[in-house]
Amino acid sequence: MKLRDRVGLNVRNLRNSKGLSQEQLALAAEVDRSYISEIELAKNSASIDVLERIADALDVDPKELFNERG
């Protein structure tokens, strides 16, 4: 699995586990909702700064976005 795919799946899984919509996560991370969708679908790669804001909005350590999940 490519890293972009892994990050996208982790963002989606973490967002869902927190009960957040894409819109809520986008607002908290100060990005557009469509950008969250593109990250989750691995259509776009996010900068380190954006990934840090997403992790903060999800209240997780940024490394959680890169973990392999089984």
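When we follow this note's numbering, the leftmost residue of the sequence shown carries the number 148, and every step to the right adds one. Even for Gly, the Cβ is constructed at its ideal location relative to N, Cα and C. Predicted model only: the values in this text are computed from it and were never measured.
Counting of Cβ neighbours within 10 angstroms places Gly155 among the buried residues, the total reaching 16 or more. Around the beta carbon of Arg162, 16 or more other beta carbons lie within 10 angstroms, which makes this residue buried.
Straight across, the Cα-Cα distance linking Ala204 with Asn214 is about 17 Å. Classified as buried, Leu212 has 16 or more neighbouring CB atoms from the shown chains inside 10 Å of its CB. Ile195 sits exposed, since fewer than 16 C-beta atoms from the chains shown fall within 10 Å of its C-beta. Separation of Lys149 and Asp206 (C-alpha to C-alpha, rounded to the nearest whole angstrom) is 24 Å.
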